[in-house]
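Quick notes on the structure that follows.
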Amino acid sequence: MSNTPIKRRKIVFGLAGGLLLSPFMDRNQAFAMGGMSMDGMHGEEADGSGYKGAKTLMPVSAMPSGLPLPKLPVLANRSRKAGVFKAKLVAAPSRMLLVPGFQTEALCYNSTMPGPLIEAYEGDLVEVEFFNRLHERSTVHWHGLAVPSDQDGAPEDFIEAGGKRLYHFTLPKGSAGTHWYHPHPHMITASQVYRGLAGGIIVRAKDDPLQAIPEQNLLISDLRLATDGGIPPNDREDWMNGREGQFVLVNGANQPRISLTGTQRWRIWNASNARYLRLSLGGHPFSLVATDGGLLGAPIENQTEILLTPAQRAEIVVHAPENGQALELVAEPYDRGAMGRLKGLSPRRVLADIDVTPGGKHFEVPAVLRPIEPLENPTGHHTSVFSDFVDTENNPENIYEHPTDMLFLVNGQVYDIERIDVEAKLGAVEEWTLVNASSMGMQHPFHIHGGQFQVIERSLFGEVTPEPYLAWRDTLNLLPGESATIRMRIDEPGKRMFHCHILEHEDLGMMANLMVSP
Ligand code: C2O
Ligand code: CU
Ligand code: CU
Numbered sequence: 206m207s208n209t210p211i212k213r214r215k216i217v218f219g220l221a222g223g224l225l226l227s228p229f230m231d232r233n234q235a236f237a238m239g240g241m242s243m244d245g246m247h248g249e250e251a252d253g254s255g256y257k258g259a260k261t262l263m264p265v266s267a268m269p270s271g272l273p274l275p276k277l278p279v280l281a282n283r284s285r286k287a288g289v290f291k292a293k294l295v296a297a298p299s300r301m302l303l304v305p306g307f308q309t310e311a312l313c314y315n316s317t318m319p320g321p322l323i324e325a326y327e328g329d330l331v332e333v334e335f336f337n338r339l340h341e342r343s344t345v346h347w348h349g350l351a352v353p354s355d356q357d358g359a360p361e362d363f364i365e366a367g368g369k370r371l372y373h374f375t376l377p378k379g380s381a382g383t384h385w386y387h388p389h390p391h392m393i394t395a396s397q398v399y400r401g402l403a404g405g406i407i408v409r410a411k412d413d414p415l416q417a418i419p420e421q422n423l424l425i426s427d428l429r430l431a432t433d434g435g436i437p438p439n440d441r442e443d444w445m446n447g448r449e450g451q452f453v454l455v456n457g458a459n460q461p462r463i464s465l466t467g468t469q470r471w472r473i474w475n476a477s478n479a480r481y482l483r484l485s486l487g488g489h490p491f492s493l494v495a496t497d498g499g500l501l502g503a504p505i506e507n508q509t510e511i512l513l514t515p516a517q518r519a520e521i522v523v524h525a526p527e528n529g530q531a532l533e534l535v536a537e538p539y540d541r542g543a544m545g546r547l548k549g550l551s552p553r554r555v556l557a558d559i560d561v562t563p564g565g566k567h568f569e570v571p572a573v574l575r576p577i578e579p580l581e582n583p584t585g586h587h588t589s590v591f592s593d594f595v596d597t598e599n600n601p602e603n604i605y606e607h608p609t610d611m612l613f614l615v616n617g618q619v620y621d622i623e624r625i626d627v628e629a630k631l632g633a634v635e636e637w638t639l640v641n642a643s644s645m646g647m648q649h650p651f652h653i654h655g656g657q658f659q660v661i662e663r664s665l666f667g668e669v670t671p672e673p674y675l676a677w678r679d680t681l682n683l684l685p686g687e688s689a690t691i692r693m694r695i696d697e698p699g700k701r702m703f704h705c706h707i708l709e710h711e712d713l714g715m716m717a718n719l720m721v722s723p
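Numbering of the sequence shown is given in our numbering, commencing with residue 206 and proceeding in unit increments.
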């Protein structure tokens with residue numbers, strides 16, 4: 206096992222701008238100042254990548270919009286055997302034409318952005334041959350799926366540049382849902398994802414109670430382009446807040462047109478590094494039918510908005526308005542506690558226009574979707590505290606080369622690929638308390654590998670709210686000062702990661718290892 210070479214450097218930090226800005230005292234000082242401006246000026250070589258491209262941002266209007274929503278490309282199944290899904294997945298730099306007249310050097314799976322959709326059934330054997338044609342190591346993580354630990358794309362199981370490996374696992378019963386895949390290499394996950402590496406996974410159940418309803422897939426991702434069409438590296442504020450680009454894309458398209466008629470089931474992914482999506486249809490009601498881990502026990506009717514943190518998924522059922530009135534898919538204002546240029550409420554933005562055609566087929570959502578058994582009698586207990594703070598002192602232990610003077614920690618520690626932080630018993634019900642002790646007022650979305658959990662209750666400043674309904678989740682937002690109690694059972698032995706799914710925070714070390722043993 207070898208890690209990314211670790212370079213130590215000693216930096217003295219100053220707290221010049223209070224909590225908002227504590228510039229580096231060295232070569233990054235200019236950088237920190239550049240990062241505060243709203244016009245998209247970014248500092249130099251934020252990640253030591255030698256980036257020489259433009260630092261000003263492409264206007265959002267430069268990318269064509271208003272085109273019909275592209276369908277997600279589908280990863281072709283090369284197997285002729287029933288119950289086997291076999292495919293090839295190649296990660297490679299790809300020249301994309303996203304803005305007329307400009308080439309964008311992105312990182313793509315099979316030359317598409319987002320990557321091709323994997324569609325399979327519960328019980329299927331999945332065999333994906335992965336080719337790493339990037340210039341650096343990578344892995345593929347199957348986010349949301351309970352796959353064996355050695356198939357999970359953990360950073361220690363990396364594939365070198367130019368290498369390949371076979372991922373193989375069986376999709377367990379109960380895994381039907383809307384999942385996704387993305388790289389998970391040590392400390393370089395964020396940059397591989399924001400350059401384009403992410404794709405959807407749909408696992409279907411043969412007895413899906415909603416299978417008659419027509420479906421649409423909406424995979425939402427985030428992209429930053431400079432005026433030369435390039436994808437600039439992270440700057441200091443990106444490492445602090447998590448990166449948000451100027452583009453929010455749906456199936457890779459800028460503000461496309463969705464066509465809605467009758468009743469439709471929409472699968473929605475938030476595949477962005479750090480952007481929170483408080484989604485609405487401008488007040489038009491819909492039913493929430495599934496969370497990260499698949500269908501709910503019963504639909505939650507008459508919803509007008511859902512919050513999807515980075516990595517979360519939802520499925521909703523939408524009925525076209527009978528009067529044929531057009532709708533919009535909107536990201537409503539939200540304040541996730543970011544700082545600097547992202548401070549405060551994010552502006553409302555329209556992610557897609559929805560053309561409504563009256564007269565389509567109407568479906569009722571069944572009152573019962575599937576049984577969800579509550580996890581009871583926990584035998585393992587653990588508390589994980591997520592914290593962040595500005596490091597105002599000498600920080601010789603800051604082994605990370607990223608330009609931030611903030612520390613992102615789990616139980617007071619930066620991630621160590623070799624360290625086991627928590628132990629659990631195979632198949633036992635674990636009850637964990639997750640605490641967001643952010644000193645900066647930031648929200649952090651908790652994620653754990655290897656299975657789905659149930660939220661029992663949340664508590665904010667002493668006020669305890671029992672979770673209103675049972676649901677399977679793998680990612681949960683934690684407000685500053687909030688703690689949440691979750692229960693889970695991991696049915697595969699081995700090492701698992703849990704971390705904040707703001708990928709910059711994850712890369713900076715807000716991550717820990719769980720060992721599950723018999
Ligand atoms: Cu989306 Cu550690 O994963
Ligand atoms: Cu995951
Ligand atoms: Cu975080």
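Using N, Cα and C, we set each Cβ at its ideal position, and we do this for glycine too. All values derive from a computational prediction rather than experimental measurement.
query	result
For ligand 1, any of its heavy atoms closer than 7 Å to the Cβ of LYS710?	Note that residue 710 is His in the sequence shown here, rather than Lys. Flag unset: Cβ of HIS710 not near ligand 1.
Taking all protein chains shown into account, do 16 or more other C-beta atoms lie within 10 angstroms of the C-beta of TYR314, making it buried, or fewer, making it exposed?	buried
Just to confirm the assignment, what range does the beta strand (DSSP E) spanning THR344 have?	First-last for THR344: undefined, no H or E at that position.
Could you have a look at ARG624 and say whether DSSP puts it in helix, strand or coil?	coil
What separation, rounded to the nearest whole angstrom, lies between the Cα atoms of GLU578 and ASP357?	26 Å
Give the secondary structure of ARG370 by DSSP, where H, G and I count as helix, E and B as strand, and everything else as coil.	strand
Starting from TYR481, follow its DSSP beta bridges and name the residues at the other end.	Paired residue(s): none; TYR481 is not in a bridge.
Going along the chain, which residues put their C-beta within less than 6 Å of some heavy atom in ligand 2?	HIS346, HIS348, HIS652, HIS654
Between which two residues does the beta strand (DSSP E) harbouring TRP471 extend?	468–475
Sort THR584, PRO269, THR344 by Cα distance to THR394 and report the nearest one.	THR344
Is there at least one non-hydrogen atom of ligand 1 closer than 7 Å to the beta-carbon of MET702?	yes
Drop a sphere of 10 angstroms on the beta-carbon of LEU322, count the other beta-carbons inside from all chains shown, and report buried for 16 or more, exposed for fewer.	buried
Only counting the same chain, and skipping five residues up and downstream in sequence, which positions put a Cβ closer than 8 Å to that of ASP560?	ARG462, ILE463, SER464, LEU465, ALA531
Indicate, with yes or no, if ligand 4 has a heavy atom lying under 7 Å from the CB of ALA395.	Ligand 4 is not part of this structure, which contains only ligand 1, ligand 2 and ligand 3.
VAL398 and LEU708: beta carbons closer than 8 Å?	yes
Can you round the beta-carbon distance between PHE591 and VAL627 to whole angstroms, since I take them to be within the 8 Å contact cut?	Not confirmed; about 14 Å, so no contact.
Nearest to PRO673 by CA position, among HIS389, ARG300, ILE505, is which residue?	ILE505
Taking its Cβ as the centre, do 16 or more other Cβ atoms sit within 10 Å of PRO388, making it buried, or is it exposed?	buried
With DSSP as the reference, please indicate the residues paired to THR261 in a beta bridge.	Answer is none; THR261 lacks a bridge partner.
Taking the alpha-carbon positions, what's the GLY435 to ALA311 distance?	8 Å
Grab me the residues of ARG285's own chain with a C-beta within less than 7 Å of its C-beta, minus the 5 sequence neighbours each way, in chain order.	none
Under 8 Å Cβ to Cβ from PRO538, same chain only, skipping five residues before and after it: list those, please.	ARG483, LEU550, SER551, PRO552, ARG553
Would you identify the three-state DSSP class for THR394, choosing helix, strand or coil?	helix
Kindly identify the DSSP beta-bridge partner or partners of ILE364.	SER343
Which residue's Cα is closest to the Cα of LYS630: MET693, ALA642, GLN618, GLU687?	MET693
Cβ atoms of PHE666 and ILE691: under 8 Å apart, would you say?	no
Locate the beta strand (DSSP E) running through TRP385, then write down its first and last residues.	382–387
Just the C-alpha distance for GLN460 and ALA325, rounded to the nearest angstrom, thanks.	29 Å
Only counting the same chain, and skipping five residues up and downstream in sequence, which positions put a Cβ closer than 6 Å to that of ILE521?	TRP471, PHE491, LEU493
In its own chain, which residues sit with a C-beta less than 6 Å from the C-beta of PRO419, not counting the 5 before and 5 after it?	GLN469
Pairs of beta-carbons, one from the stretch 437–457 and one from the stretch 361–369, closer than 8 Å: are there three or more?	no
Given this structure, state the Cα-to-Cα distance separating SER664 from LYS369, to the nearest angstrom.	45 Å
In whole angstroms, what separates the C-alpha of ASP497 from that of SER722?	25 Å
Taking C-beta to C-beta, are MET645 and PHE594 nearer than 8 Å?	yes
When you compare only the Cα positions, how much space is there between LEU303 and THR309?	7 Å
How many Å lie between LEU486 and GLU327 at the Cα?	31 Å
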